[in-house]
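Novice:
Number of protein chains: 2
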Amino acid sequence: MSGHNDSTMHANQNENDLHAIVQTSETLANVFAALGDPTRLKLIAVLCAGGAFSIAQLTANTEISRQGVTKHLQVLADAGVVRDVKLGRERLWQLEPGQIEEAKRTLEMIGRQWDVALTKLKAFAESA
Amino acid sequence: MSGHNDSTMHANQNENDLHAIVQTSETLANVFAALGDPTRLKLIAVLCAGGAFSIAQLTANTEISRQGVTKHLQVLADAGVVRDVKLGRERLWQLEPGQIEEAKRTLEMIGRQWDVALTKLKAFAESA
DNA sequence: GATTAATGCAACTTTTTGGTTGCATTTAAT
DNA sequence: ATTAAATGCAACCAAAAAGTTGCATTAATC
């Protein structure tokens, strides 16, 4: 036998994609790290409302200082998850969902790869 | 008018769900934080292959010490992303994809909420 | 022009993280 | 019984993160 039917090739492709992304993408871990803080997750949940919010507005929902919030927003911005626009004396922040989409796709890929692996293991067990 | 058609209610439900999850889930930020490191992402990519791997095996793919890898595995375990089984003098690690699925669903929710918000803004702009 | 609101910038402290080394322990193999 | 392999455990270190305070700056408003 060839050892490679169609579904096997797709499975290997998926596995290679996943490893390639994880190995090469400098920013992916950064995105996850940016999401890995309760304060920043709350900020994102607020920004999901779609508008552009000032630092003062965003600080109102937190327990920490305005400068602390600014630092968190900067972390999110460095990860490409939010962006800011200047308007008068205000600095408005809004969501930039591209990187979050990318992170979501990676998690989907992990889930798919896991499913593929389970299927393989099951097939192996049944062949024994 | 009522101000609440069917799609608006679904949108609000989604928004409330998102805020509830972000506010209450202590572990969600932990999961993202666990994913937010290149070494740990690579470990996960390896574990996606489906098997159970020893610490020594997992160390082979990295640049850091065995004890360093153990620490990373412990972080992943604390986040519920991997689990270990003892087998003889080895300690085998495998993926536990439940929390990753949960994280993925959160990112999906963020994306949906964002889309809903854009639709609302568009409708508002057209009504003006 | 003086005031005030919103923010920027910088120094500083504390805690966490990522990593190491050294040695002890457990278990398999000879 | 000895030896070797795989791991556990603890101390330690450096760098980064999370947060603060104080003061400077910018830009509306009266």
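For the record, the sequence lines run as chains A and B.
Take the first sequence: its position 18, counted from the start at 1, is 18 in our numbering, and no numbers get skipped.
Quick note: to get our numbering, add 128 to the position in the second sequence (first position is 1).
Here a beta-carbon is modelled for each residue, glycine too, at the ideal position from N, C-alpha and C.
On a predicted model such as this, the values are computed, not experimentally measured, just so you know.
So what does DSSP say about D84 (chain A), is it helix, strand or coil?
Specialist: Your numbering for residue 84 (chain A) matches position 84 in the first sequence. Of the three classes helix, strand and coil, the one that applies to D84 (chain A) here is strand, per DSSP.
Novice: Just mark R168 (chain B) as buried or exposed, buried being the case when its beta carbon has 16 or more other beta carbons within 10 Å.
Specialist: Stepping through the second sequence from its first residue, residue 168 (chain B) is reached at position 40. Its Cβ being crowded by 16 or more others within 10 Å, R168 (chain B) is buried.
Novice: Could one say the Cβ of G3 (chain A) lies closer than 9 Å to chain B's Cβ atoms, at least one of them?
Specialist: Counted from its first residue, the first sequence places residue 3 (chain A) at position 3. The pLDDT assigned to G3 (chain A) is 47, lower than 50, so where the model puts this residue is not dependable, and the model offers no usable value.
Novice: I want to verify the contact list: residues of chain A whose CB lies under 7 Å from the CB of F252 (chain B), in sequence order.
Specialist: Counted from its first residue, the second sequence places residue 252 (chain B) at position 124. Here the premise fails: no neighbours, minimum Cβ distance about 10 Å.
Novice: Quick one: what's got a C-beta closer than 8 Å to K250 (chain B)'s C-beta in the same chain, skipping five residues either side?
Specialist: Here the question's residue 250 (chain B) lines up with position 122 in the second sequence. Same-chain partners within the cutoff: there are none.
Novice: Should I44 (chain A) and L95 (chain A) be called a contact, given that it needs their Cβ atoms to be closer than 9 Å?
Specialist: Counting from one through the first sequence, the residue named residue 44 (chain A) turns up at place 44. Counting from one through the first sequence, the residue named residue 95 (chain A) turns up at place 95. Yes. Within cutoff.
Novice: Grab the span of the alpha helix (DSSP H) containing E218 (chain B) for me, first residue to last.
Specialist: Numbered from its first residue, the second sequence carries residue 218 (chain B) at position 90. Note, E218 (chain B): premise wrong, no alpha helix (DSSP H); beta strand (DSSP E) at 218-223.
Novice: Quick one: is the Cβ of A173 (chain B) within less than 8 Å of any heavy atom of the ligand HEM?
Specialist: Absence of the ligand HEM is noted for the structure shown, with no ligands found whatsoever.
Novice: L156 (chain B) touches chain A at which residues, Cβ-Cβ below 8 Å?
Specialist: Here residue 156 (chain B) corresponds to residue number 28 of the second sequence, with the count starting at 1. Simply L41.
Novice: According to the Cβ coordinates, are L220 (chain B) and S182 (chain B) closer than 9 Å?
Specialist: By one-based count along the second sequence, residue 220 (chain B) stands at place 92. By one-based count along the second sequence, residue 182 (chain B) stands at place 54. For L220 (chain B) and S182 (chain B), yes; Cβs fall inside 9 Å.
Novice: Can you tell me where the alpha helix (DSSP H) with S255 (chain B) in it begins and where it stops?
Specialist: As a working note, residue 255 (chain B) is residue 127 in the second sequence. Its alpha helix (DSSP H) spans residues 226-255.
Novice: CB V150 (chain B) to CB Q227 (chain B), shorter than 9 Å?
Specialist: What you label residue 150 (chain B) is simply residue 22 of the second sequence in a count that begins at 1. What you label residue 227 (chain B) is simply residue 99 of the second sequence in a count that begins at 1. For V150 (chain B) and Q227 (chain B), no; Cβs fall outside 9 Å.
Novice: Taking its Cβ as the centre, do 16 or more other Cβ atoms sit within 10 Å of V85 (chain A), making it buried, or is it exposed?
Specialist: On the first sequence, residue 85 (chain A) is found 85 positions in, with the first residue counted as 1. It is exposed - the Cβ of V85 (chain A) has fewer than 16 other Cβ atoms within 10 Å.
Novice: Can you give me the Cβ contacts of K42 (chain A) inside the same chain, cut-off strictly under 8 Å, excluding the 5 residues immediately before and after it?
Specialist: Taking the first residue of the first sequence as position 1, residue 42 (chain A) is located at position 42. Answer for K42 (chain A): N61, T62, listed in chain order.
Novice: Take the Cβ of A33 (chain A) as the centre, count every other Cβ of all protein chains shown within 10 Å, and call the residue buried at 16 or more, exposed below.
Specialist: Here residue 33 (chain A) corresponds to residue number 33 of the first sequence, with the count starting at 1. Result: buried.
Novice: Go to T62 (chain A), then tell me how far its alpha helix (DSSP H) extends in each direction, as first and last residue.
Specialist: Position 62 of the first sequence, counting from 1, holds the residue named residue 62 (chain A). Careful: T62 (chain A) lies outside any alpha helix (DSSP H) and carries neither H nor E.
Novice: Whose Cβ in chain B lies nearer than 7 Å to the Cβ of Q113 (chain A)?
Specialist: As a position in the first sequence, residue 113 (chain A) is number 113, starting the count at 1. Those within 7 Å of Q113 (chain A) in chain B are C176.
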